[in-house]
C-alpha cells in the first residue's frame with residue numbers, strides 16, 4: 001500500500017508549512033502575558049513583590065521591544081473588524097492555570113474573571129503536581145498596600161500618587177498599544193499613545209522604547225523633521241542596542 | 255533625578271527569567287540539561303502556535319492556548335526529567351491544551367474550526383494571498399481528518415517529529431502511530447485530489 005503523500009499533496013504541504021504563526025503584535029502581547037504571569041510566580045517566590053514587580057515590568061517592556069525587534073520585517077495588515085481594545089492591561093487579567101506557590105492575598109478589587117485551569121489529567125511523562133490555583137494578579141496589585149488610594153494633601157491633577165510599578169505598568173500597556181497601532185497602520189494613534197505615555201512619565205523605564213515608537217509614527221506621518229529632532233534629543237543612555245536597532249530603520253536614522 | 259536614569263543599562267529579559275529558574279521553587283533538580291524558561295519560550299513559541307493552529311484551535315484562542323501551554327511548561331519545567339526531548343514534552347503539553355480548548359468550544363456549541371478572519375487579517379503583507387489561501391486550504395483539509403490521524407499527521411508533516419516521538423506525545427505505541435499516519439496520508443491524498451477535480 002502506498003502510504004506516501006502524492007506530489008500535489010506534498011507541494012501543498014510544503015507551501016503551507018511555514019505559513020501562519022503569530023503576528024508581531026500577537027507575539028508581543030503573548031510574550032508580555034507569559035512573562036507577566038510567570039514573573040508573578042517569581043515575585044511570589046521571592047519576597048518583596050512590589051519591588052520585584054517594578055523591575056520585572058521594566059524588563060517586560062524591554063521584552064516586548066525585543067520581541068518586536070526579533071520579528072522585524074513582518075509588517076501587519078490592519079485588523080479592520082477587530083474592536084478597539086481597552087487600554088487596561090488585559091494580559092494580566094488572563095487566568096493563570098496553576099502555580100506552585102501560594103496565591104497572593106486576594107483583594108476585593110480583583111477582577112471577576114474565573115480562573116479556568118487547563119485539564120492536565122492526561123499528562124504523560126511529566127509528573128503533574130496538584131497545585132493551588134493562583135488568582136490572576138492585576139498590575140495594580142503591585143501597588144504597595146500602604147500606599148493611600150488618594151493623596152492626603154489635595155493635589156490638582158492625579159488622584160493618588162503613582163508608584164513606580166503603576167507607572168511602569170502604564171508604560172507597558174501604552175507601549176503594547178503603540179506598537180500595535182504602528183504595526184497596523186495607525187501612526188497617529190501610535191504617536192498619541194506613545195507621546196502621552198512618555199510625557200506622563202518623563203523618567204519612565206520605557207521612555208526610550210516609547211520615544212522610538214513616537215519617531216516611527218512621525219516618520220509614517222511624513223513629519224521627518226520632528227522625528228529627527230526627537231531622535232537627536234534622545235540621551236545617550238537611552239540608546240540601548242534594541243533601541244538603536246529599531247532607530248536605524250526609521251527616517252530619523254543618522 | 256537625571257534624565258538618563260540608567261535603566262537602559264540593565265535590561266536583558268534573561269534577568270527576569272533567571273529568577274524563574276525552578277530552583278527558586280525549592281525543588282532539588284536532577285542533573286538534567288534544562289534550558290531556562292526564556293530560551294525555551296523563544297525557541298518554541300512560533301512552532302507551538304502553529305501546532306495549535308493546525309490542530310484546530312480557533313484563531314481567537316490561539317494566544318490564550320499558547321500562553322496556557324507555556325504556563326504549564328513553566329510550572330512543570332522543574333519536574334522535567336529528560337525522559338523525552340523538550341520538544342516532544344512541549345508538544346505533549348500543547349496537544350492537551352488544544353484538546354481542552356476544543357472540548358470547551360464543543361461544549362459551548364460554538365465550535366468553528368476555521369476562523370473566517372484567517373484569510374484576510376493579521377498577516378504580513380509579504381505573505382501573498384496565494385500563500386494565505388494555501389494555508390487555509392490545508393487547514394480545511396486537516397479538519398476532515400479524524401482527531402488521532404490529524405494529530406499524527408500534523409506532528410510528523412508540520413512539526414517534524416518522528417513516529418516514536420509522536421508515540422510519546424500521544425501516549426500510544428509506534429505501530430498505532432504508523433497506522434494513523436498511513437491512513438492520514440491516504441486520506442489527505444484523496445482530499446487534495448478532490449481539490450483538483452473541483453477546479
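Protein chains in written order, with my numbering: chain R, 1 to 254; chain W, 255 to 453.
The beta-carbon is built from N, C-alpha and C at its ideal position, and this holds for glycine as well.
Around the Cβ of residue i, are there at least 16 other Cβ atoms within 10 angstroms (buried) or fewer (exposed)?
i, result
"residue 21(R)", "buried"
"residue 232(R)", "exposed"
"residue 362(W)", "exposed"
"residue 152(R)", "Any reading at residue 152(R) needs caution, since the residue's pLDDT is 44, under 50, leaving its predicted position unreliable; the model's value is listed next. Per the 10 Å Cβ criterion, exposed."
"residue 328(W)", "buried"
"residue 146(R)", "Caution applies to residue 146(R), whose pLDDT of 41 falls short of 50 and renders its modelled position unreliable; the value that the coordinates give is listed next. So residue 146(R) ends up on the exposed side."
"residue 384(W)", "exposed"
"residue 18(R)", "exposed"
"residue 86(R)", "Bear in mind that the predicted position of residue 86(R) carries a pLDDT of just 39, short of 50, making it unreliable; the figure below should be weighed with that in mind. Answer is exposed; the Cβ neighbour count stays below 16."
"residue 248(R)", "exposed"
"residue 357(W)", "exposed"
"residue 323(W)", "buried"
"residue 337(W)", "exposed"
"residue 443(W)", "buried"
"residue 204(R)", "buried"
"residue 374(W)", "Model confidence at residue 374(W) stands at a pLDDT of 42, short of 50, so the residue's coordinates are unreliable and nothing is read from them."
"residue 254(R)", "exposed"
"residue 360(W)", "exposed"
"residue 11(R)", "exposed"
"residue 314(W)", "exposed"
"residue 293(W)", "exposed"
"residue 400(W)", "exposed"
"residue 171(R)", "buried"
What does residue i reach in chain R if we use C-beta pairs closer than 7 Å?
i, result
"residue 359(W)", "The contacting residues do not exist; residue 359(W) stays about 13 Å from chain R at best."
"residue 320(W)", "30"
Nearest to residue i by alpha carbon, out of the options?
i, options, result
"residue 395(W)", "417(W), 294(W), 408(W)", "408(W)"
"residue 179(R)", "206(R), 213(R), 31(R), 11(R)", "213(R)"
"residue 216(R)", "204(R), 187(R), 234(R), 202(R)", "187(R)"
"residue 208(R)", "4(R), 237(R), 167(R)", "237(R)"
"residue 175(R)", "224(R), 203(R), 202(R), 211(R)", "211(R)"
"residue 455(W)", "341(W), 311(W), 294(W)", "Given a span of 255 to 453 for chain W in the structure shown, any question on residue 455(W) remains unanswerable."
"residue 416(W)", "331(W), 388(W), 341(W), 351(W)", "341(W)"
"residue 432(W)", "441(W), 309(W), 347(W), 403(W)", "403(W)"
"residue 28(R)", "427(W), 305(W), 443(W), 320(W)", "320(W)"
"residue 33(R)", "405(W), 299(W), 289(W)", "299(W)"
"residue 350(W)", "448(W), 305(W), 293(W), 333(W)", "305(W)"
"residue 335(W)", "297(W), 289(W), 318(W)", "289(W)"
"residue 406(W)", "388(W), 437(W), 392(W)", "437(W)"
"residue 192(R)", "37(R), 243(R), 218(R), 9(R)", "218(R)"
"residue 225(R)", "206(R), 250(R), 201(R)", "250(R)"
"residue 177(R)", "168(R), 198(R), 194(R)", "194(R)"
"residue 190(R)", "196(R), 197(R), 25(R), 181(R)", "181(R)"
"residue 301(W)", "35(R), 23(R), 9(R)", "23(R)"
Beta carbon of residue i: closer than 7 Å to some heavy atom of the ligand GDP?
i, result
"residue 403(W)", "Absence of the ligand GDP from the depicted structure is noted, as is the absence of any ligand whatsoever, leaving it without description."
Which of helix, strand or coil does DSSP assign to residue i?
i, result
"residue 150(R)", "Interpretation of residue 150(R) is limited by its pLDDT of 41, a score under 50 that renders its predicted location unreliable; no figure is taken from the coordinates."
"residue 426(W)", "coil"
"residue 333(W)", "helix"
"residue 412(W)", "coil"
"residue 22(R)", "coil"
"residue 277(W)", "Unreliable placement is indicated for residue 277(W), whose pLDDT of 34 sits below 50; the coordinate value is still reported in the next sentence. Residue state, collapsed to three classes: helix."
"residue 234(R)", "coil"
"residue 317(W)", "helix"
"residue 224(W)", "The requested residue 224(W) is not part of the displayed model; chain W covers only 255 to 453."
"residue 210(R)", "helix"
"residue 167(R)", "helix"
"residue 4(R)", "coil"
"residue 399(W)", "coil"
"residue 421(W)", "helix"
"residue 219(R)", "helix"
"residue 203(R)", "coil"
"residue 87(R)", "Only weak support is given to the placement of residue 87(R): the predicted model assigns it a pLDDT of 39, under 50, and the value that follows is read from those uncertain coordinates. Looking at residue 87(R) - three-state DSSP - the assignment turns out to be coil, as it is neither helix nor strand."
"residue 327(W)", "helix"
Does residue i get closer than 8 Å to chain C when you measure Cβ to Cβ?
i, result
"residue 404(W)", "The structure shown contains no chain C; its protein chains are R and W."
Chain R partners of residue i, CB-CB under 8 Å?
i, result
"residue 397(W)", "Result: empty, since nearest Cβ-Cβ is about 14 Å, beyond 8 Å."
"residue 446(W)", "6, 8, 9, 12"
Residues of chain W with a CB under 7 Å from the CB of residue i: which are they?
i, result
"residue 16(R)", "388, 389, 392"
Which chain W residues sit within Cβ distance under 9 Å of residue i?
i, result
"residue 176(R)", "Within 9 Å Cβ-Cβ: nothing; residue 176(R) doesn't reach chain W, min ~13 Å."
"residue 37(R)", "321, 324, 325, 328"
Name the chain W residues that come within less than 8 Å of residue i, Cβ to Cβ?
i, result
"residue 33(R)", "317, 321"
Members of the stretch 287 to 301 of chain W near chain R, C-beta cut-off 9 Å: Within the stretch 287 to 301 of chain W, the residues whose Cβ lies closer than 9 Å to some Cβ of chain R are 291, 292, 295, 296, 299, 300, 301, listed in chain order.
Selection of the stretch 304 to 330 of chain W by Cβ proximity to chain R, strictly under 8 Å: Those residues of the stretch 304 to 330 of chain W that come within reach of chain R (Cβ to Cβ, closer than 8 Å) are 304, 307, 308, 316, 317, 318, 320, 321, 322, 324, 325, 326, 328, 329, 330.
Contact list for the stretch 414 to 442 of chain W against chain R, Cβ threshold 8 Å: Answer set for the stretch 414 to 442 of chain W: 422, 423, 425, 435, 436, 439, 440, 442.
Residues in the stretch 180 to 198 of chain R having any Cβ partner in chain W nearer than 7 Å: Hits within the stretch: zero.
Chain W contacts from the stretch 211 to 237 of chain R (Cβ-Cβ distance under 8 Å): Taking 8 Å as the upper bound on Cβ-Cβ separation, chain W lies near residues 235, 236, 237 of the stretch 211 to 237 of chain R.
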